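Q:
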Amino acid sequence: MKSTIKTKTLVLAVIASLVTLTMTGSAANAIGTLKQDALTGTSATVDTAATDAAIRKLVNGRTIKLGFAPPILSEAYTIAQQGAWNQMKDYETRYGVKWVWTEEAPLNNAHSGVETTGFIQNYVAKKYDAVFVCSAAPATVMQQLYKQGSAKGVEFYQFNSTEQLNQKSQATDATAGLSSVSNISYDNRWQSGALAAQYIADELKGKGEIIMILGPAGSDWTKLREQGFRAVVKKYPGLKIVGAADGGYVRDKGLTAAADLLTKYPKINAIYGENEDMALGASAAIDAARLKHWDGKSGIITIGADGLVSGMDEIRKGNLTATVNVGYADMGRTMIRTMFAHKVLGMDVAKFIRVPTVIVDKTNVDIFQSQIKAELATKVKY
Amino acid sequence: MKFKNFFFRSVSITGIPIFGLLIFIVALFQFIVPIFNATVGDYITNLVPVLLLTVGAAIVIIGGSIDLSIGTVCGLSAGITMWTLASGLPTALSILLGIATGAFFGLLNGFIITKFGINDFIATLATLNISGGLLIVLSQATDLYGAESEFFTSLVYGSFFGIPTSFFIAGAIILLMQFLLLKTILGRRIFAMGNSGAAANVAGINVRNVKLATFVLSGTLAGCAGVLLAARLGGVQAFLGLGYEFTAIAGAVVGGVSLAGGRGSAAAALAGGLFIGTLAQGLQLIGVEPIFFGIVSGLALIIGVIFDQKIQDIGQLRSRFDSRVLAQPPRKEGDHG
Amino acid sequence: MKKFLSDPILGVIILLLLVGGVASFTVDVFFTLQNFTNFLSGSYFVMLLAMGMTVVLISGGIDLSIGAVMALCAGIVAKLALQGMSVPLVIVCALAVGAFVGCLNGLLVTVVGLPDFIATLAMSAFATGILFIWTKGTPIVGYMDETYKQIGGLAPIYRGVTVPMVTAIVIAFALGAMLKKTKFGVHLFSVGSNRLATRQSGINVTKIRILAYVISGVCAALSGIIMAGRNTTVPPDLGGGYEVLAIAAALIGGASLMGGRGRILGAILGEVVLAMTINIINLLGVPSSYQKIFIGGILLLAVLVNQFVISLRTKILMRSTNKKS
């Protein structure tokens, strides 16, 4: 009798611990995946020595020249670049790849995109292996460039771009009419704008008034985020967007825009800034108007989108309620992994790769801020 | 003989020094980065619209004014061209409409400035905002790409004897402007007006009309630049052209066009524009980090202008002009009619 | 009455009343103390830029580096504050840098003889470049505390009074008095109107021109210090486009690109017009795409009103002189 109970308890204990282990293990994996090499898996479980050696033999110490063409030099692209560098360092250590990395970006006038044309032509002239591009120029213009460059053997990968606007169907054409090998981004509508609106809706329990601080008119990112945001707001009859103003994607203009709107609508419940800088400007406007920040029950919600270290600090302090972390570091790493898989290993890669995005607020800021900080702390540079 | 005179006169007004400097840096870049000559076709083709803008800017500056709207007007013209082309209008008509947009804004600028006597900086700043705003509205309302026209693309992508078509087109336009400035009565009047509006008035020149003409010319050139830009890009988006005006004005001044008015030429503008563009291209190829770009280009700008001025000092050209300028009676706001 | 009519800033005042009046009728919240303090709070640092620009314009020059110098000084403030330097010392350093750059501008324009457009444009490229190198593309953060919040105008020092407000008022009085009452001011105007004649009359034109640029540099530094507080971070592309605003404000206020003319009060009112325009756009809810057209329209209106006033004034003055004779 006693032994049966003992065995049963033992079995139960084993099952319980197995379940717990699996759950924590998969949770760790879910976050760890962002750092793992998708090709071979770098967890402690799998011994990659043989694969590494084989790939090392294939690489044969070759030098790969990469061009980086963001639309402007800013924190977001610095994070993406660092993510890329960290992944490159991994590959250099494991496979003996030698890297050459060049960055060219216009110093101002980010939204014109015409200078990027010149940069890309120079990368092609210098016979680089692959170029990573994020540009505000019209899609047709860029794809034309990619087509010409591809004919000369250069591979093009777009990142953080808005091809959702012009994406054709892959129903009959696998390339969807694009000459870029792959497009690593996130969907500005449903993975950014819509998420922000959903967060507001959840926090306000479906009722309240919102003002929007938009990016510059004519920017594709602005268009898409607004589209996603409005689509979700529509689903809640108690939620209303009462005003919108142009914040130009910079903090100062966002402050002015938010301050003016707050004068007109002092009793709003939420401010959506299409990027973090503007949302932070709006936060400062709330302080200046001596209104209250959201504390879970009352006050004004401020929510932005980007996922920068400074933004997350403000979330901790309670000045910013939340932001959409769009995963710049992840994009950087994925860019390199995709290029390596395609160019070196000859694998067929997905045309559209969407990185995971997430709403970051006080409840999970520890996870995501530490992740970005860890990426930036590696001191790897090319 | 006549051509030789014309050539030396046109380059001697200003331009020789910068052309010389240009050749020097081209040789330097070619030495440092051997693939430089392979990229020449590409980067100059990209530069062509800005070069036309530089010449337009020069014409207005020689006349003693300034035109800040050339960048956005160029962008708007490109947009109008793309729009009409994508809507199915015949290519020739689209091109004409694009150029006409530029001419229209030139007329508008000139009219506001001469008829109402308004300060040219603010007036053209206002039209900059208006034309820029119109382009934004246009780009939101419709797709500015997707035009299928062989002839249109060949304007930029075609070539005669290995030289891109756009070179010929731009070259012809610039040559025409040079001729206009140096060989026609209108040109002489523009220089006179730039030297002293009051003196020109006294001499019987209708300063108002001449000034209007300079803005119309500048606007039309911006329109042409817009057409070529549209052909090059194949698509136009909202902020096209913004910022080009500063590059254009800087190019003109580096080439030797004086902001005080009355000195310079289309050739000078061309030299200056090519200098700045080539400098940018060379630095890029060498791999100067974008961070250092600003500092290096600032330095180069200064060196280029100093060089130009020193040469003119040697040729006694500058002091002669400057003393003439300085000896004028004090200029007042309404001076230029 | 005659004196009032011949004052060049009459145009700006009329414009202000015009636009303000229309705005008050169309948007009910416009004519409230809160709204005024709001949009003014964002304009003080531009006023400082416009005032410095006016001084340079009067002397016959132009300073295109004012925006970049503002950003550079903001960066200096941020960097030094992060290192723990005391606030007064930080301010002194920033002002010193502004004065230094102004001095460089002045030297380039006088001794080296460069056209002021190119000299200050190049300086602007230098200043931006230096800021980019420092920031390495990422904004400088983490230097903010209560003091800098007050400096930036985000927190008042006493009831409704903020540091930017006080700074703008003090500098306005100082520069205004300098222009009207000191010999230096008189010389500035004469250098701007007729450089050769002024030089021939024995005045040290070079020194005066350099000093004008130093003043503009210091104004840019003051503006940068405020900006560092107001923006709470210093991104590398801070302050883009402000030099054009400063010139526009100065010109609306009566300055001339030819030199020899300008009023500090005019520059301030000019900037108020510009800030008011943005404020009205936001309050009216003008769709983003139409904003630029709106701004262009207001600019045109500004100069048209100015011109109208000038011609009206000439007519009235001529009529009174005719009457006398």
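Respectively, the protein sequence lines represent chains A, B and C.
The first sequence begins at 0 in numbering that gives the first Met the number 0 and counts up one residue at a time.
The second sequence begins at 0 in numbering that gives the first Met the number 0 and counts up one residue at a time.
The third sequence begins at 0 in numbering that gives the first Met the number 0 and counts up one residue at a time.
Glycine included, every Cβ here is placed at the ideal spot set by N, Cα and C.
As the structure is a prediction and not an experimental result, all values here were calculated from the model.
1. Since residue 238 of chain A sits in a beta bridge, which residues does DSSP pair it with?
2. With 9 Å as the C-beta to C-beta threshold (strictly closer), list the residues of the stretch 74-99 of chain A near chain C in chain order.
3. Just mark residue 125 of chain C as buried or exposed, buried being the case when its beta carbon has 16 or more other beta carbons within 10 Å.
4. Is there a C-beta anywhere in chain A that falls below 8 Å from the one on residue 136 of chain C?
5. Which stretch, first to last residue, makes up the beta strand (DSSP E) that contains residue 100 of chain A?
6. Mind listing the chain B neighbours of residue 72 of chain A? Cutoff is C-beta to C-beta under 9 Å, in chain order.
7. Counting only Cβ pairs nearer than 7 Å, list the residues of chain A close to residue 234 of chain B.
8. How would you list, in chain order, the residues of chain A whose beta-carbon sits under 7 Å from the beta-carbon of residue 66 of chain B?
9. The alpha helix (DSSP H) that contains residue 189 of chain C, what's its start and end?
10. Grouping DSSP H, G and I as helix and E and B as strand, with all else coil, what is residue 328 of chain B?
11. Using the beta-carbon of each residue, which ones in chain B are nearer than 8 Å to residue 246 of chain C?
12. In three-state terms, what does DSSP make of residue 161 of chain A?
13. Please list the partners that residue 127 of chain C has in chain B, where partner means a Cβ-to-Cβ separation under 8 Å.
14. On the criterion of 16 or more Cβ atoms from any shown chain inside 10 Å, does residue 159 of chain A qualify as buried, or is it exposed?
15. For chain A, is any of its Cβ atoms less than 8 Å away from the one on residue 71 of chain C?
16. Is any beta-carbon of chain A found at less than 8 Å from that of residue 135 of chain B?
17. What does residue 421 of chain B touch in chain C if you count any residue whose Cβ is under 7 Å from its own?
18. Report the option in A:276, A:270, A:274 whose CA atom is closest to the CA atom of residue 291 of chain A.
19. Give me the Cα-Cα distance between residue 113 of chain A and residue 276 of chain B, rounded to the nearest whole angstrom.
20. Quick one: does residue 29 of chain B have its CB under 8 Å from some CB of chain A?
21. State the Cα-Cα distance for the pair residue 32 of chain B and residue 66 of chain A, rounded to the nearest angstrom.
22. Measure from the C-beta of residue 14 of chain C to each C-beta in chain B and report whether the shortest distance is under 8 Å.
23. Please confirm whether residue 193 of chain C has its beta-carbon closer than 8 Å to some beta-carbon of chain A.
24. Within 10 angstroms of the Cβ of residue 69 of chain A, are there 16 or more other Cβ atoms? Answer buried if so, exposed if not.
25. Since residue 53 of chain C and residue 263 of chain C are thought to touch, with beta carbons under 8 Å apart, how far apart are those beta carbons, to the nearest angstrom?
26. What in chain C is Cβ-close to residue 188 of chain A, meaning under 9 Å?
27. Below 8 Å CB to CB, which residues in the same chain sit around residue 153 of chain B once its five sequence neighbours on both sides are set aside?
28. Count the other C-beta atoms from every protein chain shown that fall within 10 angstroms of the C-beta of residue 94 of chain A, then say buried if there are 16 or more, exposed otherwise.
29. Using 8 Å for Cβ pairs, my map puts residue 222 of chain C next to residue 122 of chain C. What's the rounded Cβ distance?
30. Please name the residues in the stretch 117-128 of chain A whose beta-carbon is closer than 8 Å to at least one beta-carbon of chain B, in chain order.
31. Is the number of C-beta pairs between the stretch 95-103 of chain B and the stretch 210-230 of chain B that are closer than 8 Å three or more?
32. For the beta strand (DSSP E) containing residue 271 of chain A, name the first residue and the last one.
33. Mind listing, in chain order, the continuous alpha helix (DSSP H) runs of no fewer than 4 residues lying wholly within the stretch 54-120 of chain B?
34. Does the stretch 292-311 of chain B touch the stretch 253-269 of chain B, meaning 3 or more C-beta pairs lie closer than 8 Å?
35. Give the C-beta separation of residue 191 of chain A and residue 304 of chain A to the nearest angstrom, bearing in mind that I take them to be a contact with Cβ-Cβ under 8 Å.
36. First and last residue of the alpha helix (DSSP H) that includes residue 139 of chain C?
A: In short, the structure shows the following:
1. On the first sequence, position 239 is the one that residue 238 of chain A refers to. Answer is A:207, bridged to residue 238 of chain A.
2. Going along the stretch 74-99 of chain A in chain order, one finds 74, 76, 77, 78, 80 with a Cβ nearer than 9 Å to chain C.
3. Here residue 125 of chain C refers to the residue found at position 126 of the third sequence. Buried.
4. To locate residue 136 of chain C, count along the third sequence from 1; it is residue 137. So, interface residue.
5. In the first sequence, residue 100 of chain A corresponds to position 101, counting from 1. That run of the beta strand (DSSP E) goes 97-102.
6. Taking the first sequence and counting its residues from 1, the one referred to as residue 72 of chain A is at position 73. For a Cβ distance threshold of 9 Å, residue set 289, 290 of chain B lies close to residue 72 of chain A, ordered along the chain.
7. Walking along the second sequence from the start, residue 234 of chain B turns up at place 235. Result: 137, 139, 140.
8. Your numbering for residue 66 of chain B matches position 67 in the second sequence. Chain-order list of chain A residues neighbouring residue 66 of chain B: empty, with the shortest C-beta distance near 19 Å, by a criterion of under 7 Å.
9. Within the third sequence, the letter at position 190 stands for residue 189 of chain C. First-last of the alpha helix (DSSP H) with residue 189 of chain C: 182-192.
10. Indexing the second sequence from 1 puts residue 328 of chain B at position 329. For residue 328 of chain B, the predicted model reports a pLDDT of 47, less than 50, meaning its position is unreliable and no value from the coordinates is stated.
11. The residue labelled residue 246 of chain C in the question sits at position 247 within the third sequence. By Cβ distance, chain B contributes 120.
12. Reading the first sequence from its first residue, position 162 is the one you call residue 161 of chain A. The DSSP-derived three-state label of residue 161 of chain A is coil.
13. To locate residue 127 of chain C, count along the third sequence from 1; it is residue 128. The answer, in chain order, is 293.
14. As a working note, residue 159 of chain A is residue 160 in the first sequence. Looking at its Cβ environment, which holds 16 or more other Cβ atoms inside 10 Å, residue 159 of chain A is buried.
15. If you number the third sequence from 1, residue 71 of chain C lands on position 72. Nearest CB-CB separation between residue 71 of chain C and chain A: not below the 8 Å threshold.
16. Your numbering for residue 135 of chain B matches position 136 in the second sequence. For residue 135 of chain B, the answer is yes, since a Cβ of chain A falls inside 8 Å of its Cβ.
17. Summary: the structure shown does not reach residue 421 of chain B, with chain B confined to residues 0 through 336, and so no result is reported for it.
18. Locating residue 291 of chain A in the first sequence gives position 292, counting from the first residue. That would be A:270, whose Cα lies nearest to the Cα of residue 291 of chain A.
19. The count along the first sequence starts at 1 and reaches residue 113 of chain A at position 114. The count along the second sequence starts at 1 and reaches residue 276 of chain B at position 277. Going from the Cα of residue 113 of chain A to the Cα of residue 276 of chain B covers about 14 Å.
20. As a working mapping, residue 29 of chain B is identified with position 30 in the second sequence. Under the Cβ distance rule, residue 29 of chain B does not count among the residues neighbouring chain A, no pair being separated by less than 8 Å.
21. Taking the second sequence and counting its residues from 1, one reaches residue 32 of chain B at position 33. Taking the first sequence and counting its residues from 1, one reaches residue 66 of chain A at position 67. Residue 66 of chain A has its alpha-carbon roughly 17 Å from the corresponding atom of residue 32 of chain B.
22. Here residue 14 of chain C corresponds to residue number 15 of the third sequence, with the count starting at 1. Not closer than 8 Å to any Cβ of chain B, the Cβ of residue 14 of chain C fails to qualify, so no.
23. Residue numbering aside, residue 193 of chain C sits at position 194 when the third sequence is read from its first letter. Chain A contact via Cβ: absent.
24. Taking the first residue of the first sequence as position 1, residue 69 of chain A is located at position 70. Buried, since its Cβ has 16 or more Cβ neighbours within 10 Å.
25. Within the third sequence, the letter at position 54 stands for residue 53 of chain C. Within the third sequence, the letter at position 264 stands for residue 263 of chain C. 6 Å between Cβ atoms; contact.
26. As a working note, residue 188 of chain A is residue 189 in the first sequence. Chain order gives no chain C residues near residue 188 of chain A, where near means a beta carbon separation below 9 Å; the closest approach is about 18 Å.
27. Position 154 of the second sequence, counting from 1, holds the residue named residue 153 of chain B. So the qualifying residues of the chain are 164.
28. The residue labelled residue 94 of chain A in the question sits at position 95 within the first sequence. Buried, since its Cβ has 16 or more Cβ neighbours within 10 Å.
29. Residue 222 of chain C sits at position 223 when you count from the first residue of the third sequence. Residue 122 of chain C sits at position 123 when you count from the first residue of the third sequence. The Cβ separation is near 16 Å, so there is no contact.
30. If the cut-off is 8 Å between Cβ atoms, the stretch 117-128 of chain A has 117, 118, 120, 121, 124, 125 near chain B.
31. Yes, the stretch 95-103 of chain B touches the stretch 210-230 of chain B.
32. Taking the first residue of the first sequence as 1, we reach residue 271 of chain A at position 272. Boundaries of the beta strand (DSSP E) harbouring residue 271 of chain A: 269-272, taken from the DSSP string.
33. Complete alpha helix (DSSP H) runs here, min 4: 69-85, 90-114.
34. With a cut-off of 8 Å on Cβ pairs, the stretch 253-269 of chain B is in contact with the stretch 292-311 of chain B, counting three or more such pairs.
35. Counting from 1 along the first sequence, the entry for residue 191 of chain A is found at position 192. Counting from 1 along the first sequence, the entry for residue 304 of chain A is found at position 305. Contact between residue 191 of chain A and residue 304 of chain A holds, with the beta-carbon distance rounding to 5 Å and staying under 8 Å.
36. Here residue 139 of chain C refers to the residue found at position 140 of the third sequence. First-last for residue 139 of chain C: undefined, no H or E at that position.
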